[in-house]
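Just so you know, we're using our numbering here: the sequence shown kicks off at 8 and counts up by one. Don't be surprised by glycine CBs; every beta carbon is placed ideally from N, CA and C. Just so it is clear, the structure is predicted and the values come from calculations on it, not from any experiment.
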Amino acid sequence: MDVNADYILIKALEDGVTIIGLTRGKDTKFNHTEKLDKGEILAAQFTENVSAMKIRGNAEIMSKHGKVNSEG
């Protein structure tokens, strides 16, 4: 894994925000789950195994492309 690869920041705007990492390949599966409370921040990278992330709850997502808020 390249530690200098792009990353995203996810900041929980409420308690109980869930981040789910999804695998790549023929069958998409849950790889990892994290739960954040209000104000907590998770720094995440895509890897050889994780190709997508699903975010449940109100959160601010920041990357080199800008900011976006999830809405539940």
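- For M69, the CB contacts under 7 Å within the same chain, skipping 5 residues up- and downstream, are I15 and L16 in chain order.
- Of T25, S58, E47 and K18, the smallest CA-CA separation from G32 is found for S58.
- In the three-state reduction of the DSSP assignment, H39 falls in the strand class.
- Taken through DSSP and simplified to helix, strand or coil, S77 comes out as coil.
- Nearest C-alpha to N38 among V75, A66, F53 and E78: F53.
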